[in-house]
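Engineer:
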Amino acid sequence: MSILLEARSVEKHYRLGGGRVLQAVAGVSLQVRRGEALALVGESGCGKSTLGRTLIGLGAPTSGEVLFDGARISGLSDRSLRPYRARMQMVFQDSSASFNPRRTVGEALAEPLKIHRRTGIVERVHELLDQVGMSRSVLKRYPHEFSGGQRQRLNIARALALGPELLVADEPVSALDVSVQAQIVNLFGDLRSQLGVACVFISHDLAVVRQMADRIAVMYLGGIVEQGDGLAVLGAPAHPYTKALLDAVPRPDRPLPPPLAGDVPSPVNPPSGCRFHTRCPIAQARCAQERPELRGITGGREVACHYPLVS
Amino acid sequence: MLKDRSLRWLDGLRARKGTVAALFLLAGIVLASLSAPLYAAMVGVDPFASDLAGTTQRGGQTVDLMQPNDNPLHLGLTPLGPDWQPGPYALGSDSQGRDVAARVLYGGRNSLLIAATASLLCLTLAGMIGICAGYFGGWVDIILSRILDIMWAIPVYLFAISLSVVTVGHGLRLGPFVIGADSLLIPIVIIALVYVPYAARPLRARALSLAQAEFVMAARGMGASHGRIVLREILPNLATTMVVLGPLVMALCLLAESALSFLSLGVQAPAASWGSIIQDGEGLLYTRPAVAIVPGIAIVLTVLALNVLGNSLRDHLDPKGAGR
């Protein structure tokens with residue numbers, strides 16, 4: 001499979017007052033192949049949403065570059081980015097905030113088609129509604145008249161309008177009831193098999209990730225600590241942070257292991273060496289000095305740890 | 001959403017007697033002012049011509065408009081007083097022998113016209129500034145906000161009076177456009193300008209929060225241009241705040257207009273406005289108080305009705321509170 005999206009050493013910093021800098025994304029390199037589903041997993045505040053937005057061209061990276069279909073898209077002007085906008089779309093987490101409350105669903109779905117001057121708008125909008133399983137009667141209604149699950153379907157329909165090759169979905173199901181979550185997860189599965197669209201799912205929910213993703217990239221404090229095949233990573237984590245995340249999921253067959261000590265360090269003042277060493281149960285002296293790079297281990301996986309649990 | 005919300009506002013009107021009263025009062029005042037030429041023709045007076053030697057009919061007798069003074073010194077002349085009967089000079093005459101009732105109606109036309117257009121102009125300017133500052137942010141926001149701060153620091157009336165003093169003598173020359181000194185455009189532009197900071201602040205705050213809304217980011221992600229985002233995403237949502245601010249700004253503009261006209265810096269004689277009629281009545285306060293009191297009451301009622309209306313709209317459309 002050819003590479004659709006590639007990030008090379010992407011950094012995203014935010015200037016705070018008093019000369020302090022928040023490193024939201026700290027040197028991330030990743031690849032998304034055509035038709036593949038990649039999950040970005042991590043705690044809230046680890047930079048996964050910022051990374052998602054940077055990947056899709058909503059906010060330029062501070063350094064590093066993003067390539068889409070081999071062409072560099074980071075640092076392009078809005079105008080020159082426009083042709084790429086049609087080929088990659090974002091699904092936002094809060095479906096109630098991602099629709100303009102003053103405009104009908106029909107107007108919202110037609111908007112991307114109008115922006116890119118497509119023809120046959122009415123037919124396309126009807127087709128989109130069929131794809132996400134909504135009836136045509138919704139077009140004249142306003143977004144607040146729908147439930148969260150229905151709105152998320154419409155949100156997905158709008159993102160699909162231009163026929164994108166890549167969807168970046170930021171916590172697409174975390175605001176939904178579990179029963180509705182399953183529907184949306186299935187919808188994503190159907191759409192991927194029908195349309196062959198590549199997806200980047202941003203999530204903190206490992207159960208959802210297991211369902212949705214081919215590959216997983218685990219993020220901690222702005223950097224990727226481990227990535228690889230989904231089942232392999234979740235089955236036998238190589239990074240102690242991945243293991244801690246999995247241990248934190250309650251399971252009926254075992255008592256909950258003790259949680260990680262301490263809080264996530266501030267991304268304004270990240271720890272030296274390995275960023276995880278302050279909380280790592282197996283950290284050694286070397287971890288505080290030397291930053292581990294991602295390196296290959298068995299099964300095409302990569303881990304950024306001096307003492308990986310799987311080698 | 002706007003549609004069904006405004007419909008619900010109408011439905012709920014029955015529960016808000018104050019708002020209904022304000023609406024009727026406002027409609028009555030506007031209709032009465034609009035009918036000013038009709039009234040003048042009906043009773044047969046010219047409210048703009050000085051007529052010191054004129055006479056009128058009272059109870060079948062011909063009486064002078066200017067009557068010998070009834071104070072003990074018998075100095076000067078006193079205009080005819082009100083008889084509160086339908087017909088010419090119902091509210092008496094002013095010191096120029098003009099029909100006060102007709103002048104109050106004509107004055108209402110000017111006062112309401114100036115207040116309405118000034119508030120529209122003010123909201124338009126404030127909306128543009130608010131969108132530029134709030135949506136684009138950065139140095140645009142810094143510069144615009146500091147300019148507004150500077151304007152805000154000058155007392156509104158002092159600012160308006162200063163601008164009026166500059167323009168009252170010879171009008172305004174803006175490149176190819178020349179506005180005569182007696183044009184209503186002068187008070188309209190001045191009053192609109194001085195209240196721009198008042199309206200621009202809440203609009204900027206709203207535009208700022210809208211600019212960071214997810215649906216605006218979604219529009220950007222689709223490749224929408226800034227102009228398209230402003231017109232189709234920001235503006236429809238900003239409209240609520242503008243609707244709420246509308247009556248409140250109009251009340252402020254009406255007060256400012258009256259104050260300027262009272263100081264002879266707004267509407268210029270012989271045209272009338274409520275403020276200028278109060279000034280006409282100032283010298284007659286002890287002998288013919290109705291000349292000043294009637295337009296005063298008109299101002300009070302209009303401002304009251306506008307404020308009740310504005311607050312009711314705010315409570316309904318914008319519970320978080322636009323303005324202050």
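Chains as they are written, first to last, in UniProt numbering: chain A, 1 to 311; chain B, 1 to 324. Where a beta carbon is used, it is the ideal one built from N, C-alpha and C, also for glycine. Quantities reported herein were computed from a predicted structural model and do not represent experimental measurements.
Can you check whether the CB of A/M90 is closer than 8 Å to the CB of A/I56?
Structural biologist: Contact: yes.
Engineer: Please identify, using Cβ separations under 7 Å, the residues of the stretch 132-150 of chain A that lie next to chain B, in order along the chain.
Structural biologist: Correct list: Y142, H144.
Engineer: Once DSSP output is grouped into helix, strand and coil, what is the label at B/Q61?
Structural biologist: Strand.
Engineer: Hey, would you say A/A157 sits closer than 8 Å to A/L109, going by beta carbons?
Structural biologist: In this structure, A/L109 lies closer than 8 Å to A/A157 by Cβ.
Engineer: If you draw a straight line from the C-alpha of B/I293 to the C-alpha of B/A259, how long is it?
Structural biologist: Approximately 15 Å, taken between the alpha carbons.
Engineer: Which residue from B/L113, B/F215, B/A256, B/R103 puts its Cα closest to that of B/P270?
Structural biologist: Per the Cα distances, B/R103.
Engineer: For the beta strand (DSSP E) holding A/L41, just list the boundary residues, first then last.
Structural biologist: Leu is not the amino acid found at residue 41 of chain A; the sequence shown has Val there. Looking at the DSSP string, the run of the beta strand (DSSP E) that includes A/V41 is 37-41.
Engineer: Using 8 Å as the limit for Cβ to Cβ distance, is B/A224 near chain A?
Structural biologist: Answer yes: the Cβ-Cβ gap between B/A224 and chain A drops below 8 Å somewhere.
Engineer: Suppose only complete runs of 3+ residues qualify. What are the beta strand (DSSP E) ranges in the stretch 113-152 of chain A, listed by chain order?
Structural biologist: For the stretch 113-152 of chain A, not a single whole beta strand (DSSP E) run of length 3 or above is found.
Engineer: Given that a residue counts as buried once 16 or more other Cβ atoms are within 10 Å of its Cβ, and exposed if not, what is A/S137?
Structural biologist: A/S137 comes out exposed.
Engineer: Taking Cβ-Cβ distances below 9 Å as the criterion, which residues of the stretch 202-228 of chain B are in contact with chain A?
Structural biologist: So the list reads A213, E214, F215, V216, M217, A218, A219, R220, G221, M222, G223, A224, S225, H226, R228, given in the order they occur along the chain.
Engineer: Along the chain, where does the beta strand (DSSP E) containing A/M88 start, and where does it finish?
Structural biologist: Counting along the chain, the beta strand (DSSP E) containing A/M88 begins and ends at 88-91.
Engineer: Let me make sure I understand the geometry here. Which of B/T241, B/V30, B/P79 has the alpha-carbon closest to that of B/G130?
Structural biologist: Selected option, being the one with the closest Cα: B/T241.
Engineer: Counting only the same chain and skipping the five closest in sequence on each side, list residues whose C-beta sits under 6 Å from that of A/P292.
Structural biologist: Same-chain partners within the cutoff: C274, A304, C305, H306.
Engineer: Can you look up B/T241 in the DSSP assignment and give me helix, strand or coil?
Structural biologist: Of the three classes helix, strand and coil, the one that applies to B/T241 here is helix, per DSSP.
Engineer: By how many angstroms is the C-alpha of A/A26 removed from the C-alpha of A/K12?
Structural biologist: Whole-angstrom Cα-Cα distance: 7 Å.
Engineer: Using a Cβ-Cβ distance cut-off of 8 Å, determine whether B/E257 contacts chain A.
Structural biologist: False, the Cβ-Cβ gap to chain A never drops below 8 Å.
Engineer: So, helix, strand or coil for A/D190, using DSSP?
Structural biologist: Helix at A/D190.
Engineer: What does a CB cutoff of less than 6 Å around B/A251 pick up in its chain, not counting 5 residues either side in sequence?
Structural biologist: Taken in chain order, the residues that qualify are V303, L306, N307.
Engineer: Are A/L309 and A/A248 closer than 8 Å when you measure CB to CB?
Structural biologist: No, the Cβ-Cβ distance between A/L309 and A/A248 is not below 8 Å.
Engineer: For B/P236, return the contacting residues in chain A, with the cut-off set at a CB-CB distance below 8 Å.
Structural biologist: Ordered by position in chain A, the residues that pass the 8 Å Cβ test against B/P236 are N100, R102, R103.
Engineer: According to DSSP, is B/A101 helix, strand or coil?
Structural biologist: Helix.
Engineer: Short of 6 Å in beta carbon distance, which residues of its chain neighbour B/G137, apart from the five on each side in sequence? Order them along the chain.
Structural biologist: For B/G137, where only same-chain residues beyond five positions count, there are no Cβ hits under 6 Å.
Engineer: Applying a beta-carbon distance threshold of less than 8 Å, which residues of chain B neighbour A/D94?
Structural biologist: Chain B residues near A/D94: E214.
Engineer: Could you tell me whether the Cβ of A/E127 comes closer than 8 Å to any Cβ of chain B?
Structural biologist: A/E127 does not count as touching chain B.
Engineer: Of all the options B/P176, B/S264, B/L313, B/I114, which has the alpha carbon lying nearest to the alpha carbon of B/I188?
Structural biologist: Comparing Cα-Cα distances from B/I188 to each of B/P176, B/S264, B/L313, B/I114, the minimum goes to B/I114.
Engineer: Any beta carbon of chain B sitting closer than 8 Å to that of A/L246?
Structural biologist: So no, A/L246 is outside the interface.
Engineer: Count the other CB atoms, across all protein chains shown, that sit within 10 Å of the CB of B/L112; report buried if there are 16 or more and exposed otherwise.
Structural biologist: Answer is buried; the Cβ neighbour count reaches 16.
Engineer: Among all the DSSP beta bridges, which residues are the ones paired with A/H13?
Structural biologist: Its beta-bridge partners are A/Q23.
Engineer: Quick one: using the 10 Å Cβ neighbour count with 16 as the cut-off for buried, is A/V218 buried or exposed?
Structural biologist: A/V218 comes out buried.
Engineer: Taking the alpha-carbon positions, what's the B/G66 to B/L23 distance?
Structural biologist: The sequence shown places Met at residue 66 of chain B, rather than the Gly named in the question. Cα-Cα distance, rounded: 39 Å.
Engineer: Give the single residue among A/G296, A/V197, A/S135 whose Cα lies nearest to the Cα of A/A37.
Structural biologist: With distances taken between Cα atoms, A/A37 lies closest to A/V197.
Engineer: At the level of alpha carbons, what is the spacing between B/Y198 and B/V166?
Structural biologist: Taking the straight line joining both Cα atoms gives about 23 Å.
Engineer: Shorter than 8 Å from the beta carbon of B/L313 to some beta carbon of chain A?
Structural biologist: No, because no Cβ of chain A sits closer than 8 Å to the Cβ of B/L313.
Engineer: Using a Cβ cut-off of 8 Å (strictly closer), state whether A/L58 contacts chain B.
Structural biologist: With 8 Å as the cut-off, A/L58 counts as an interface residue toward chain B.
Engineer: Cutting at 7 Å between CB atoms, please list the residues of its own chain near B/V63, excluding the five before and the five after it.
Structural biologist: For B/V63, where only same-chain residues beyond five positions count, the Cβ hits under 7 Å are T55, T56, L80.
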